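A.B. asks:
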Amino acid sequence: MFWVKLKRILRSGFFNFWRDSTVSFASVLVMMVTLLVIGLISFSSAILDTTLAELSNKIDINVTFVTSAKEEDILSIKQTLESLPEVLLVTYVSREEALVAFKERHSSDPSILAALEELGENPLGAVLNIKARDPSHYPSVAEFLESGNVLASGSINIVDRINYFQNKVAIDKLTRVISSADRLGFALTLFFAIISVLIAFNTIRLTIYIARDEISVMRLVGASTTYIRGPFVVVGVIYGISAGILTLLLLLPITYWLGGTTEGFFVGFNIFSYYLRHFLEIASIIMVSGIGIGALSSFLAIRKYLQV
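Numbering (the UniProt record's numbering), first residue to last: 1 to 308.
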């Protein structure tokens, strides 16, 4: 009996979808706009994450040692820092490597290079570049460095300077930006999800209004609530599936057209390549959103406005 009712509900839902083709077409278009917004939010989130990750990679703590510091002492400190859970990577730059990098940076300034030659020796100390797992971890890493125990070789401090406090403003600002971006992304997603449900709700309510006479007859002959509601929920699901498929197809030319622009503007992020790489993930989000919004909107519309 259950399967017979289910078959009738599905058949009635498909029939209603094709019977009211004009309303169905309008409903699918409205849901397409909704799903496009959801897709664009996903792309915006990916762009933001990529940009913030790129900014995070440009921030680190540099520990510069005195020129008399022994390499084995510096490597010992490097090993200690690498054992910290907050530290992602520690890179050792020797005095010779630091000198080569300095000359490359100032290759267009002959006065600096001439002054360096006059010194007759390498004035630069070795450097440890410390990258934390998260920008919010830098204060604890800096506190560990400032403790003094890790930076001393015997009774002599071998550290020349630590640039954390010079970079502290940038690190704190990046931490706030990441935190604010996460909250903003959640708020926007929630806002557009609510708007999407309301738009789809009102569109599907029109479909139900058109079928009000049919519903009245079904109620008079004693049809169950599930039997009356079921076809409209099926129609909502069909709206969602149709809109989802069309949205995924429409995103192909849109992302292809925007690919070159985003790659040049957002630090190598190509939105078309991202779409192809994460197609299954994006398709799942859009299809589930479409089906969920369609079914929920139909359920709420017929429940509230027709008082079934």
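Every residue, glycine too, gets a C-beta built ideally from N, C-alpha and C. Values in this document were obtained by computation on a predicted structure and should not be read as measured data.
DSSP three-state call for Arg133: helix, strand or coil?
C.D. replies: Here Arg133 sits in coil by DSSP.
A.B. asks: For Ser27, which option in Ile302, Asn57, Gly290, Leu300 has the closest C-alpha, if you only look at C-alpha atoms?
C.D. replies: When each option's Cα is compared against that of Ser27, the closest is Gly290.
A.B. asks: Which residue's Cα is closest to the Cα of Leu280: Val234, Thr203, Glu97, Gly39?
C.D. replies: It is Gly39.
A.B. asks: From the DSSP output, read off the bridge partner residues of Arg64.
C.D. replies: The identity of residue 64 in the sequence shown is Thr, whereas the question assumes Arg. DSSP, once it has assigned bridges, lists Val127, Arg161 as partnering Thr64.
A.B. asks: For Leu34, which residues does DSSP report across the bridge?
C.D. replies: Checking the sequence, you will find Thr at residue 34 rather than Leu. Thr34 pairs with nothing; no bridge assigned.
A.B. asks: Check this for me: beta carbons of Thr64 and Phe269, under 8 Å apart or not?
C.D. replies: No; because the gap between Cβ atoms is not below 8 Å, this pair is not in contact.
A.B. asks: Nearest to Phe186 by alpha carbon, out of Met31, Ser45, Asn163?
C.D. replies: Comparing Cα-Cα distances from Phe186 to each of Met31, Ser45, Asn163, the minimum goes to Ser45.
A.B. asks: So, is Ile228 buried or exposed, given that buried needs 16 or more other C-beta atoms within 10 angstroms?
C.D. replies: So Ile228 ends up on the buried side.
A.B. asks: Return the residue from the list Val237, Glu117, Leu81, Glu118 that minimises the CA-CA distance to Leu145.
C.D. replies: Checking every option, the nearest Cα to that of Leu145 belongs to Leu81.
A.B. asks: What whole-angstrom Cβ distance do residue 312 and Phe232 have, given they're in contact under 8 Å?
C.D. replies: The structure shown does not extend to residue 312, since the chain is modelled only from 1 through 308, so no value can be given for it.
A.B. asks: Along the chain, where does the alpha helix (DSSP H) containing Val237 start, and where does it finish?
C.D. replies: Val237 -> alpha helix (DSSP H) spans 225-265.
A.B. asks: Flag this pair as touching only if the segment 86-94 and the segment 130-141 have three or more C-beta atom pairs under 8 Å; answer yes or no.
C.D. replies: Yes, they touch.
A.B. asks: Taking the alpha-carbon positions, what's the His106 to Pro123 distance?
C.D. replies: Cα to Cα, His106 sits roughly 15 Å from Pro123.
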